[in-house]
Each structure stands twice: as structure tokens, then as C-alpha cells.
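Shown next, in C-alpha cells, is the structure this report addresses.
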Amino acid sequence: MGQAMGQPVHQPVRLTPYLSAQIDRSAAIARQFLPDRREDDIAPAEMADPIGDIAHSPVPGIIHRYPDRVLLMPTPQCSAHCRFCFRRGLPDRPPLSDAEVAAALDYIAGHPEIFEVILSGGDPLTAPPRRLSMLLAALNRIDSIGVIRIHTRRPVIDPDRLPDAAFEAIAASQRPINIVCHINHPDELTEAVTGSLHRLRAAGADLYGQTVLLKGVNDDAAVLEMLFRAMLRHRVRPYYLHYPDLVPGTGHFRTDLTAARTIYADLKRRIGGLTLPRFMLDIPGGFGKVPADGESVHVTRDGYVTLTDPAGRAHSYPGALETPWTKG
Ligand SMILES: *Cc1c(COP(=O)(O)O)cnc(C)c1O
Ligand code: SF4
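In the working numbering, the protein residues as written are 267 to 594.
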């Protein structure tokens, strides 16, 4: 916590050698990783913990919001910093200690209703390879766990430096491993990147993609069409398209929700069902994800938005009004 209302959140620039070369080649990549002075504009609706993770953390490193699946976050670190990162504004913390990892695994083993463990972060593929193989092996020993998921961006931002031991750890898992890779623009699918994705698949992982809808990067049905087709061509199945969370200092990345829904409706007319990800919005406060194109979202004519969570409770959504900070 610790972030005072309205205070700019300083996130240092962090790039990989690979990305340093890519930002000269692609404006869409540069916008995602180079700082912008508009990061100092904090809208009143922006929260340090926009999706309410802190409220659902029973032990360090675990977020248990949905009964049958948990997030396990071995490290808060990533090989580069996306400027719109949802972790911006959350307290800095070191990777989990050995004792915290043991406690997180005990929590999972003690909750047999958990079917799926999602390694998230930060980027779990930046954890030391020995830690990754230890975690995968430990999860394989818990009978109630059916599948393991890894949320990562490393194949896209640091494709040349994924350690061999990470591929070996994935190959050694008896439980299916689903890798959900964060990819936002067709420019990101270079040969180096598709090569690292192919290697993950060869190690036995099934590949999915998640994309954040970002103003000035991909808020265009034609760009998204190109992106999702390119993903499918490389055997990455588009899973979620996220409406951006209310992260402090990221208003210049948010397309107005009504315009975003129009883009998605257009996209839906252009591409087939396997190519189309679901369009999701995370309700602030930890109430869960809902389809952003569906009936859970109600937009009044004057631009106010009400969201209905999976339990049927209504929440007003402060981020969607046409305001100076969403106009950018
Ligand atoms: C998004 C999320 C999940 C995964 O949800 P899916 O809809 O299965 O992708 C799990 N736990 C938390 C806390 C999440 O935010
Ligand atoms: S890859 Fe995800 S967790 Fe890492 S900096 Fe980007 S948005 Fe944040």
C-alpha cells in the first residue's frame, strides 16, 4: 500500500537488450515501455490495488479469489517494465522466501477444491530455474491439482535468454502446463519470439495469449485482427483481451469503455470463433472479472457504467466516464 492518493507513482524504466533494439523498430513496442509525462496525471478513480488482490491474499504470494483456482506469485519481478503494469502502485516486495513458498504450497495442499494453480507475478519465468522446477515438481505431488498455468511475458520481451532449465522443468511436468503469454501487438511476434514460443510448445506446454487493450497501441479492430491471426498461426490461442485496469498514472492508455466495446463488436464481425479472445474487465475491489461486451456491463446514455459481478451485486464503475484523463 503506502501510495498516497494523487501521488505520481515512479516506476523505473526497465528494458531487456532485445527490447532496446525493438523500440527503435516499432512505435507500438516503444509506447509500451518508454515513460511518458502523462504518467504523472493520477485520476481520482485510479487505485493502487485496482483489482483488489490484497483483499484476497490468505498467505504471502497467494491470491485466492475463485474457489477452484489460485494465483501463486513466486516473484514480483519482470525482465522489463510495461508502463501500464497493473502492479504499479503496489508495494515493492522481494521474491518469496523458501519458508513463504513452503507456506503457499501448504495452503494449496490444504484446499483440495483448488484444481488449477496459476503461476503469475511478476513473471514466473524470471524466477531462478531451480525455483521454477522445484515449484512445478511440488505442485505435481499435490493430487487435487489438475492443471498448472503460467502467466508470462518473458518469451515476448526477453526471448533469447529463457534458460534451458525452464524448458526442462516444463517438459518434466506430468500435469498439463498451459502457458498464457502476454502479447499486445503484431510487431511483437518477431522470429526470435515465435522461436521461443515454439520451443515452449515443443517442451509440452499448450499456448494461449492474453492482450491488454491499449490506446495508441492496439485500440483498432484491424490491428487486433492482425494480432490474433498471427497468434493463431503460431499456435497461440487468443484467450483474453483485457480492458485496462484503473492503475495510477495510466489513463492515457485507456480507451473509453463505450469505444472499446465498439472495437470489440467490430472485431467479432471480422474473425472466427477460434481467433477471437473473450473481452474481460476486472471489477475494482476484488469482485472478479466479467465479460466487458456482455450484460454484466450497463452503460447509461450519459456515460455512467454499472457492473454486475458474478454474485449478482451491482457496482458503479468510476473509470469509464468520458473525463479529461480518458480523452488524452
Ligand atoms: C484472473 C484471475 C484468475 C484466472 O481467471 P481465469 O478466468 O480462469 O483466467 C484467477 N485468480 C485471480 C485472482 C484472477 O485475478
Ligand atoms: S509483463 Fe505483466 S507483470 Fe510484468 S511489467 Fe508487464 S504488465 Fe507488469
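All C-beta atoms in this analysis are idealised placements derived from N, C-alpha and C, irrespective of residue type, glycine included.
Alpha carbon of residue i to alpha carbon of residue j, nearest angstrom
i, j, result
"R527", "D364", "44 Å"
"P576", "R420", "32 Å"
"H237", "D568", "For residue 237 there is no data in the structure shown, the boundaries of the chain being 267 and 594."
"S564", "L512", "Per the sequence shown, residue 564 should be read as His rather than Ser. Cα to Cα, the separation comes out at about 18 Å."
"A580", "Y509", "18 Å"
"E366", "Y570", "42 Å"
"L281", "I423", "8 Å"
"I408", "L337", "16 Å"
"G554", "P283", "36 Å"
"H448", "D548", "16 Å"
"F350", "D319", "17 Å"
"P590", "I436", "Model confidence at P590 stands at a pLDDT of 43, short of 50, so the residue's coordinates are unreliable and nothing is read from them."
"D453", "G376", "44 Å"
"P333", "P550", "19 Å"
"M546", "G560", "9 Å"
"H347", "R354", "9 Å"
"T574", "P429", "43 Å"
"V478", "L533", "15 Å"
"T456", "A488", "19 Å"
"A471", "H464", "10 Å"
"L498", "I295", "20 Å"
"I317", "S562", "17 Å"
Where the alpha helix (DSSP H) containing residue i begins and where it ends
i, result
"I295", "A293 to F299"
"H518", "From DSSP, H518 is part of no alpha helix (DSSP H); its letter is neither H nor E."
"E366", "D364 to A375"
"S399", "P395 to N406"
"D249", "An answer regarding residue 249 cannot be provided, because it is not within the stretch 267 to 594 covered by the chain."
Identity of the residues DSSP links to residue i by a beta bridge
i, result
"A580", "T574"
"T477", "L507"
"E382", "R335 and V413"
"D472", "N444"
"L547", "V556"
"T418", "C447"
"I329", "L337"
Where residue i falls, given that 16 or more other Cβ within 10 Å makes a residue buried
i, result
"G578", "exposed"
"P543", "buried"
"T524", "exposed"
"R520", "buried"
"Q288", "buried"
"S410", "exposed"
"D389", "buried"
"V556", "buried"
"T566", "exposed"
"A432", "buried"
"E379", "exposed"
"H451", "buried"
"P442", "exposed"
"S286", "exposed"
Residue i CB to nearest heavy atom of ligand 3 below 7 Å
i, result
"L337", "By its list of ligands, the structure shown excludes ligand 3, since it contains just ligand 1 and ligand 2."
Host beta strand (DSSP E) of residue i (start-end)
i, result
"V209", "There is simply no residue 209 to check, as the chain begins at 267 and stops at 594 in what is shown."
"V565", "V563 to V565"
Chain B contact for residue i (CB, 8 Å cutoff)
i, result
"D486", "Among the chains of the structure shown, chain B does not appear; only one protein chain is present."
Would you check if there are 3 or more beta carbon pairs closer than 8 Å linking the segment 296 to 307 to the segment 367 to 384?
Short answer: they don't touch.
When you compare the segment 407 to 416 with the segment 378 to 398, are there three or more beta-carbon pairs, one atom per stretch, that lie closer than 8 Å?
Output reads yes: the segment 378 to 398 touches the segment 407 to 416.
Taking 8 Å as the threshold, find out whether the segment 291 to 301 comes into contact with the segment 528 to 537 through three or more Cβ pairs.
With contact defined as three or more Cβ pairs closer than 8 Å, the segment 291 to 301 and the segment 528 to 537 are not in contact.
Cβ pair count under 8 Å reaching 3, the segment 484 to 494 against the segment 312 to 330:
At 8 Å Cβ cutoff, the stretches do not touch.
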